[in-house]
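Participant:
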Amino acid sequence: MILRGIGVLVVVAGCGTRDVGSAIGDLSSPDHEVRLQAGYELIRHGSVAVEPLIDFATTGPDSLRYISAQILGRIGDRRARVTLKKLAEDRNEHVRRAALLALGNMADPGIVDYLVAALLEDALPDLRAAAAQSLGASDDTLAVPALVYALQDTASSVRKQAVIALHRLWTQQAEGAVTRALTEDRVEVVRFVAAQALGQHRAVAAREPLQTALRDTSVWVRAEAARSLGMLGDAAVIEDLTLVLERREGPDCDAAREALQMLTSANDGDS
């Protein structure tokens, strides 16, 4: 059984920090708040905590291997790479997922090939999705071709994380692939994150696909397409957005109104 993890690890200012051994001991506490505080303290210890955590991660039960992988990932010390790779092959799916997510924080170019293999070959969709997420965190554009290929994955969770990772590793190839995801993916959430990424990157070449997405079957995709068109700053889309405003009610109408305000303000500033 996996104990509830350390969640979003945010350093809390002003809290006292004990020695590493005491904090590691508290990771075994049945009290979630005690475990959480211990995680904070170990992250504050940083590199000093890495070797003790590595020992702990390789000998503890499932729940402690899981939480150790999380903490090692937050610290991001390369010394943990070998241990995290071992945990990524663990018998427990939750431990493997935590380790895969942690590996992307190692700032080590050598880790990309390992994560790509997990993305393309792991049998479990949750773990392929974790590998995609971790590749996005790696900041290495060498992962882009594999993430583009992952947009063909049978699991929408993997395709969604691949789009999000491509958003973080943006290249011309990534832009083309995300545009195709917007126009071709059959699952709403994938099209939604694709529309969002194209707008945030001001992908002018995606203007027509975004205009088409204003007629998507999903109101949320239509709304995100409208917002993204507003971000492009191209007055050529004003007519399309006006039609949404006239014919729709709800989030897509609100987004079209915001986009029109954005565009008209930009045009007034240019005049």
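For reference, each letter of the sequence shown is one residue, going 754 to 1024 in this note's numbering.
Backbone N, C-alpha and C define an ideal beta-carbon position, used for all residues, glycine too.
Give me, in chain order, the residues of the same chain whose beta-carbon lies closer than 7 angstroms to that of Ser974; leave out the 5 immediate sequence neighbours on both sides.
Facilitator: In the sequence on display, residue 974 carries Val and not Ser. Closer than 7 angstroms at Cβ, skipping near neighbours: Glu941, Arg944, Phe945, Ala948 and Ala966.
Participant: Is it the case that the Cβ atoms of Leu982 and Val990 are separated by a distance below 7 angstroms?
Facilitator: yes
Participant: In angstroms with no decimal places, state the Cα-to-Cα distance between Glu874 and Thr970.
Facilitator: 33 angstroms
Participant: Taking the Cβ atom as the reference point for each residue, do Ala1009 and Ala979 lie within a distance shorter than 7 angstroms?
Facilitator: yes
Participant: At what residues does the alpha helix (DSSP H) containing Ala908 begin and finish?
Facilitator: No alpha helix (DSSP H) holds Ala908; DSSP gives it neither H nor E.
Participant: According to DSSP, is Leu780 helix, strand or coil?
Facilitator: In the three-state reduction of the DSSP assignment, Leu780 falls in the coil class, being assigned neither a helical nor a strand state.
Participant: What's the gap between the Cα of Leu780 and the Cα of Ser816?
Facilitator: 9 angstroms
Participant: My assumption, with CB atoms under 8 angstroms, is that Ile820 sits in contact with Arg788. Please give the rounded CB distance.
Facilitator: 7 angstroms
Participant: Terminal residues of the continuous alpha helix (DSSP H) containing Ala948?
Facilitator: Glu941 to Gln953
Participant: Quick check: what's the CA-CA separation for Asn845 versus Tyr793?
Facilitator: 24 angstroms
Participant: Considering only their Cβ atoms, is the gap separating Leu872 from Ala881 smaller than 7 angstroms?
Facilitator: The sequence shown places Arg at residue 881, not Ala. It is a contact, given that the beta carbons lie within the stated cut-off.
Participant: Using only the alpha-carbon positions, how far apart do Ser1018 and Leu904 sit?
Facilitator: 36 angstroms
Participant: Rounded to whole angstroms, what's the CA-CA distance from Met984 to Leu1016? Just pull it up for me.
Facilitator: 8 angstroms
Participant: What are the boundary residues of the alpha helix (DSSP H) that includes Pro962?
Facilitator: Arg960 to Ala966
Participant: Span of the alpha helix (DSSP H) holding Trp973?
Facilitator: Val972 to Leu985
Participant: Could you check if Ala950 belongs to the surroundings of the ligand SAH, using beta carbon to heavy atom distance under 6 angstroms?
Facilitator: For the ligand SAH, the structure offers nothing, since it holds no ligand at all.
Participant: Would Ala822 pass as a contact of Ala855 if the rule is Cβ separation under 7 angstroms?
Facilitator: In contact: Ala822 and Ala855 (Cβ atoms closer than 7 angstroms).
Participant: Would you identify the three-state DSSP class for Ala802, choosing helix, strand or coil?
Facilitator: Looking at Ala802 - three-state DSSP - the assignment turns out to be helix.
Participant: Suppose you measure from the CA of Arg831 to the CA of Gly857; what does that come to, to the nearest Å?
Facilitator: 11 angstroms
Participant: Would you list, in sequence order, the uninterrupted alpha helix (DSSP H) runs of no fewer than 4 residues that lie entirely inside the stretch 819-873?
Facilitator: DSSP runs (the alpha helix (DSSP H)) wholly in the stretch 819-873: 834-840 and 846-856.
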